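S.K.:
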Amino acid sequence: MHPLFNALLAQRPVITDGAWGTELQKLGLLPGEHPDFWNLSHPGRVGEVASRYVEAGSTVILTNTFRSNRIALGVHGRDVDVAALNAAGVSISRKAAAGRARVFASVGPSGKMLMSEEVTEAELEGAFAEQCMALAGAGADALLIETMSDLEEARIALRAARTTGLPVVVSMVFDSGREKDRTMMGSTPEQVAAALGEAGADAIGANCGLGIDGYIPVCARLRKATSLPLWIKPNAGMPEMAHGTITYRTTPEEFAAGSADLERAGADFIGGCCGTTPEFIRAVSAALHPAH
Amino acid sequence: MPTIQTLYDAILNGNAKAAKEITQTSLAAGANPQALVDDTMIPAMNEVGRRYEANEYFVPELLIAARAMKASLELIRPLLSARGAEPVGRVVIGTVQGDLHDIGKNLVGAMLEGAGFEVIDLGVDVSPEKFMNAAKEKNATLIALSALLTTTMHSMKAVMEKLKESGMRDRVKVMIGGAPVTQKYADEIGADGYSSNANAAVALARKLVAA
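As they're listed, the protein sequences go chains L and S. Heads up, the first sequence is in the numbering used here, so the first residue is 3 and it goes up one at a time. Heads up, the second sequence is in the numbering used here, so the first residue is 7 and it goes up one at a time.
1) Let me know the secondary structure DSSP gives Glu124(S) once reduced to three states.
2) Measure how close the beta-carbons of Pro186(S) and Pro241(L) come, nearest whole angstrom, since I'm counting them as under 8 Å.
3) Using a C-beta to C-beta distance shorter than 8 Å, which residues of chain S count as neighbours of Ser108(L)?
4) What is the residue span of the alpha helix (DSSP H) that Cys134(L) lies within?
5) For the structure I just gave you, are there three or more beta carbon pairs, one from the segment 218 to 234 of chain L and one from the segment 282 to 292 of chain L, closer than 8 Å?
6) Can Ala2(L) and Ala203(L) be called in contact, C-beta distance under 8 Å?
7) Please list the partners that Leu148(S) has in chain L, where partner means a Cβ-to-Cβ separation under 7 Å.
8) Run through DSSP, which three-state label would Cys275(L) get?
9) Ile248(L) versus chain S: which residues are under 7 Å apart at the beta carbon?
10) Give me the residue from Phe68(L), Met186(L), Glu119(L) and Val77(L) with the minimum Cα distance to Val111(L).
11) Could you check where the alpha helix (DSSP H) with Ser287(L) kicks off and where it finishes?
12) From the DSSP output, read off the bridge partner residues of Trp233(L).
13) From the beta carbon of Asn21(S), is the nearest beta carbon of chain L less than 8 Å away?
14) Short of 8 Å Cβ to Cβ, which residues in the segment 104 to 130 of chain L face chain S?
15) In whole angstroms, what separates the C-alpha of Met7(S) from that of Leu42(S)?
16) Give the interface partners of Gln27(L) over in chain S, defined as CB-CB distance under 8 Å, in chain order.
17) Residues of chain L with CB closer than 8 Å to the CB of Tyr3(S), please, in chain order.
18) Whose C-beta lies closer than 8 Å to the C-beta of Ala207(S) among residues of the same chain, with five residues either side of it excluded?
19) Counting only beta-carbon atoms, is Ser43(L) nearer than 8 Å to chain S?
20) I'd like to know if Asn205(S) contacts chain A, where contact means its C-beta is closer than 8 Å to some C-beta of that chain.
21) Tell me the DSSP secondary structure of Phe39(L) in three-state form.
22) Check each residue of the segment 71 to 104 of chain S: if its Cβ is closer than 8 Å to any Cβ of chain L, include it; give the result in chain order.
23) Grab the span of the beta strand (DSSP E) containing Gly100(S) for me, first residue to last.
24) Is DSSP giving Val114(S) helix, strand or coil here?
25) Can you pull the chain S neighbours of Ser229(L), defined as C-beta to C-beta under 9 Å?
26) Using a Cβ-Cβ cutoff of less than 6 Å, which residues in the same chain neighbour Ala85(L) once the five nearest sequence positions on both sides are dropped?
27) Can you list the alpha helix (DSSP H) stretches of 4 or more residues lying completely in the segment 9 to 71 of chain L, in chain order?
28) I'd like to know whether the C-beta of Glu57(L) is nearer than 8 Å to at least one C-beta of chain S.
29) Suppose you measure from the CA of Leu160(L) to the CA of Arg102(L); what does that come to, to the nearest Å?
30) Using only CA atoms, which one of Ile147(L), Ile214(L) and Trp22(L) lies nearest to Glu255(L)?
31) Report the three-state DSSP secondary structure of Arg80(L) (helix, strand or coil).
32) In chain S, what lies closer than 7 Å to Pro33(L) by C-beta?
33) Please report the straight-line C-alpha distance between Ser287(L) and Ala16(S), rounded to a whole angstrom.
34) Taking C-beta to C-beta, are Ala107(L) and Ala142(L) nearer than 8 Å?
What follows is the structure in structure tokens.
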């Protein structure tokens, strides 16, 4: 196991963070506005989100760089310094962590599909390499490739990330198929574990999806299929609209109860995705580390 | 001469090259283009859909089958148009304003093309006005809206309002989809239908244009 993960897992499970986009909206981010650009325009408010998670008990926090690769930035990518956007994201999270949490830098999908030939392998690798280099150069402790629905794209991102020498977590979305236990492209937890293990991931996992209940069996299957540390960050269920406002039905208490099941199913790193807040992390932390 | 069964298999297995070649030879041998579509190609796509529902096929298989279907249709469509046959329906599709995600939208578009719809793809970050104008100009029967983000699904409601304002609402059906979208949301904004995946979107589109 990578020495950093070894050290962190002395206090297993490690509590990671929750969603950032919705927190940024509470601080004024407009619907449709690109959250990552706030790293340069409103670093204080982005830092506020990071600090809230550290205060809630996260010992690993992410960075506001999920969409900061050149392809995902799309038309916006032309007018922005991609390296500066990523470096700013890391430095904001590092400052908020202030030694109390580790910073795992977030790398999201390109948003384009390899098999439809919307993007080439070389373009993907170039974009991920550019982003990972910037994140590593700014002092991230580890890289997190997350919310991937195509194993092939995840492998390309992993290859680019590994050139930095940092430990790399790769996390896929399982939300397809009759049992909702496959990636969009049809890969099972077992296939994901085998492929990412072979490709040199330091930890693997699952995030987003359709809520915490569905990820408990996915986590158990990943646990059986690999000895690598497992990273699990479910969302707070499907969003619901009520009178024009978006709400998530899962409560922090329900999520915390589910997180105990995840821990028993073998999860080493536990946090939340879309719809989760510092309240969720506080509840998870209280459930899994009652002594703190 | 290859049998019709092999065109069926070519589409089912997503072999675009074979689908195109077989279509060419069949047409040269005097096959009825409409019968090829109705008796072979659409049943093949229906079987693709059945396998998807049965967990035997996933998105990659859907995509390559739709691509094979499209390769074959490109040869057949001009012949059908020459005979005055209309497409199953005309769909204006796009990702709503503020949202740059297009994987889901492209998948649905490919599947609808495979099912014989004429698809007018407006791309991503499409304003309500642009949807309305395109539907009007192209005389569309259906508008398909996609959103991946909870923060952008509000734009779907704006499209509905634009259609109402401009008096277009009664002339076109609206279907919506995307990760955060639900049937409940479709009901709330008054859309005609919701689909959770690209395969079900085809069945929904057929139902809506037949209604």
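Even glycine gets a Cβ: it sits at the ideal position worked out from N, Cα and C. Fair warning: this is a prediction, and the values are worked out from it, not measured in the lab.
M.R.: In short:
1) strand
2) 5 Å
3) Near Ser108(L) there are no residues of chain S at all, since even the closest Cβ is about 16 Å away, more than 8 Å.
4) Glu123 to Gly139
5) no
6) No statement about residue 2(L) is possible, as the shown extent of chain L runs from 3 to 294 and does not include it.
7) Within chain L, no residue comes near Leu148(S); the closest Cβ sits about 22 Å away, beyond 7 Å.
8) coil
9) Thr156
10) With the sequence shown as reference, residue 111(L) is identified as Pro, and Val is not the correct amino acid for it. Of Phe68(L), Met186(L), Glu119(L) and Val77(L), the residue nearest in Cα terms is Phe68(L).
11) Pro280 to Leu290
12) Gly207(L) and Phe271(L)
13) no
14) Gly113, Lys114, Met115, Met117, Ser118 and Glu120
15) Because the pLDDT at Met7(S) is just 49, under 50, the model does not fix this residue reliably, and the value given afterwards should be weighed accordingly. Going by the C-alpha atoms only, they are around 15 Å apart.
16) Thr157
17) Outside the shown range of chain S (7 to 217) lies residue 3(S), about which nothing can therefore be said.
18) Val114, Met117, Leu118, Ala150, Met181, Gly183 and Ser201
19) no
20) Of the chains in the structure shown, none is chain A; the protein chains are L and S.
21) helix
22) Gln103 and Gly104
23) Arg96 to Thr101
24) helix
25) Result: empty, since nearest Cβ-Cβ is about 27 Å, beyond 9 Å.
26) Ala136
27) 23 to 28, 40 to 43 and 45 to 58
28) no
29) 27 Å
30) Ile214(L)
31) helix
32) Gly104, Thr157, Thr158 and His160
33) 54 Å
34) yes
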